[in-house]
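Residue numbers (this note's numbering): -8 to 59.
1. Please name the residue, chosen from 40, 53, 54, 33, that lies closest to residue 46 on a Cα-to-Cα basis.
2. Do you know how far the Cα of residue -6 is from the Cα of residue 0?
3. Looking at the unbroken alpha helix (DSSP H) that takes in residue 24, where does it start and where does it end?
4. In angstroms with no decimal places, state the Cα-to-Cα distance between residue 43 and residue -8.
5. Could you check where the beta strand (DSSP E) with residue 7 kicks off and where it finishes?
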């Protein structure tokens, strides 16, 4: 099971938990299931309608660090 964060052109969206392991297949599924999907994220993997597939750059200053 993986979770995918998505948003639509009307600033809606959510998180979906599903059995789809391949990111590209999940993007296709979300586009079919919901109207106007413009962004999908899973970890640092990203797809946007404008730029296609890519990665979210890691930033150590904004990354979550567990308290010690």
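Every residue, glycine too, gets a C-beta built ideally from N, C-alpha and C.
Result, derived from the coordinates:
1. Comparing Cα-Cα distances from residue 46 to each of 40, 53, 54, 33, the minimum goes to 33.
2. Cα to Cα, the separation comes out at about 20 Å.
3. For residue 24, the enclosing alpha helix (DSSP H) begins and ends at 14 to 24.
4. C-alpha separation (whole angstroms): 23 Å.
5. Run containing residue 7: 4 to 9, per the beta strand (DSSP E) assignment.
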